[in-house]
Amino acid sequence: MAQNERRLFMKTLILGVAAFASAPLLKMQRAFAGNPLAKLDDPLVKALGYVANAKDSKDRKDKKANCKSCQFYAAADDKATQGKCQLIASGEVLAEGWCRSWAAKAKK
Ligand code: SF4
Numbered sequence: 361m362a363q364n365e366r367r368l369f370m371k372t373l374i375l376g377v378a379a380f381a382s383a384p385l386l387k388m389q390r391a392f393a394g395n396p397l398a399k400l401d402d403p404l405v406k407a408l409g410y411v412a413n414a415k416d417s418k419d420r421k422d423k424k425a426n427c428k429s430c431q432f433y434a435a436a437d438d439k440a441t442q443g444k445c446q447l448i449a450s451g452e453v454l455a456e457g458w459c460r461s462w463a464a465k466a467k468k
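Count along the sequence shown from 1, add 360, and you get the number used in the working numbering.
Written out as structure tokens, the structure is:
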């Protein structure tokens with residue numbers, strides 16, 4: 361009986377260690393995969409004139425303007441390549457993207 365308990369303890373211990381060790385890997389995988397991006401064929405996205413690369417827009421007047429510098433943009437951190445836009449609910453936008461509703465982020 362004691363041997364069975366020891367086996368069960370060892371199995372539980374091994375599974376626990378494996379789960380603990382794989383947690384950071386799963387987190388990294390999620391970070392690299394990112395959340396789904398806004399669909400370019402979404403009617404709202406089209407209406408806003410959103411482009412994945414600000415340089416591709418003919419409407420952009422401020423050559424430094426992009427989603428990253430927009431007040432409606434929120435990302436996990438400054439290095440994030442994509443984040444949430446308060447105006448677009450169908451997915452995240454790219455930091456280098458832009459749309460006609462761009463508004464400068466308030467200075468801190
Ligand atoms: S409102 Fe701002 S963050 Fe949203 S798509 Fe337009 S430029 Fe990007």
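Backbone N, C-alpha and C fix where the C-beta goes; we use that ideal spot for every residue, glycine too.
Using the three-state DSSP reduction, which class does residue i fall into: helix, strand or coil?
i	result
LEU454	strand
CYS427	helix
LYS444	strand
ALA362	helix
LEU397	strand
ASP416	helix
LYS493	A query on residue 493 cannot be resolved here, the shown segment of the chain reaching from 361 to 468 and no further.
LYS439	coil
Just grab the DSSP bridge partners of residue i for me.
i	result
VAL411	TRP458
GLY464	Looking at the sequence itself, residue 464 is Ala, so the reference to Gly does not match. ALA464 pairs with CYS430.
Does the separation of the CB atoms of residue i and residue j fall below 7 Å?
i	j	result
VAL405	ILE448	yes
SER450	ASP401	no
TRP458	ALA436	no
GLN431	ALA463	yes
ASP416	ARG460	no
Against chain B, with Cβ distances strictly below 7 Å, would residue i count as a contact?
i	result
GLU452	The displayed structure is made up of one protein chain only, and chain B is not part of it.
How many whole angstroms separate the CB atoms of residue i and residue j, which I take to be in contact at a CB cut-off of 8 Å?
i	j	result
LEU397	GLU452	6 Å
ALA434	ALA455	Rounded, the Cβ-Cβ distance is 11 Å, inconsistent with contact.
SER429	LYS468	SER429 to LYS468, Cβ: 13 Å. No contact.
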